[in-house]
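Encoded as structure tokens, the structure appears first; notes follow it.
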Amino acid sequence: GFVVLGDVVLPDSVAFTINKGPKYSYEPSGLAHQLLAINPSLSSQVDQEGRERSVLEGVEALNKTATTNPTKNAKDPIKSVFTFFKENNLWLIQADNNGCFVVLRADDFNKRAEEAVAKNFVHVRPSATRVKGRAAALCKDLELSKLASSITGCKKKAPTVSFTAKTHRDSVPFRTVVSEKGSWQCLISQFLQKHLSALHVDDPFATKNSGELVSFLNSSVCVGYSFSIDVEDALFVASQ
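What follows is the structure, given as structure tokens:
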């Protein structure tokens, strides 16, 4: 399913496609030469006696139905969805809890995004370029010349921020998702992860995954309890 925020009205064809979810894809129609290349491999599954007839019938069928024009008979429902959203100034994001699509107007998106950013981030005066330069200079002072050089050569100056919608909340606020992939911050975090992994910290509250927490509760608690953990601030995605 999907969630619509505000007074957005979707045509049936657009709603039908969006309702299939983020993992939906359609089967593109292959070109004649692509289908012809598949024909022998399909015919090889037939008994030896009928293999030649299978190849000939496959070629005959392709002559009647296949096309050499990639746009002819092409039906891409995703293009019509994209066109509709662009013409009507709409945004499409995913829900935070179940991953379904959320549809809303651009002004509504901007408002919710600004609120999420204001809640989790503080505006700083130094420019991103100056901060990057200071980081490279610090690494150079610490005789980490290779890391300093990598930071200097990195074109991306800051992590990327995206949003998901908390549809389980009445006001449907946004969650900020921060990804450092491709940024110089990723270079530093990878450097720190590599060298700090040599330290073995005995933290009784550290868990690698939710399975460890479930095992602990099963072995330690006799009475059943239910609870949920909500990440109030930003979700930080560390690039490996």
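The letter at position 208 of the sequence shown is residue 208 when you use full-length UniProt numbering, and the numbering goes up by one with no holes.
Backbone N, C-alpha and C define an ideal beta-carbon position, used for all residues, glycine too.
For the 8 Å CB-CB criterion, Y24 and D76 do not form a contact.
Around the CB of T83, fewer than 16 other CB atoms lie within 10 Å, so the residue is classed as exposed.
Under DSSP, F101 forms a beta bridge with F2, Q94. Here K156 is not near S179, since their CB atoms are 8 Å or more apart. About 20 Å separates the beta carbon of R175 from that of D107, a gap too long to meet the 8 Å contact definition. Comparing alpha carbon positions, the residue from P11, T167, E212 closest to V102 is T167. By the Cβ-count criterion, L187 is buried, with 16 or more other Cβ atoms from all chains shown falling within 10 Å of its own Cβ. Counting along the chain, the unbroken alpha helix (DSSP H) around V214 starts and ends at 210 to 220.
Closest option to P159, judged by alpha-carbon separation, among V201, S189, F109: S189.
The shortest C-alpha to C-alpha distance from A128 to any of Q185, V4, C139 is the one to Q185. When secondary structure is reduced to three states using DSSP, T207 falls in the coil class, being assigned neither helix nor strand. A Cβ-Cβ separation of about 6 Å places G1 in contact with C100 under the 8 Å criterion. Taking the Cα positions, A113 is about 7 Å away from F163. Taking 8 Å as the cut-off, the beta carbon of L104 is found closer than this to the beta carbon of V8. With 16 or more other Cβ atoms from the protein chains shown falling within 10 Å of its own Cβ, V81 counts as buried.
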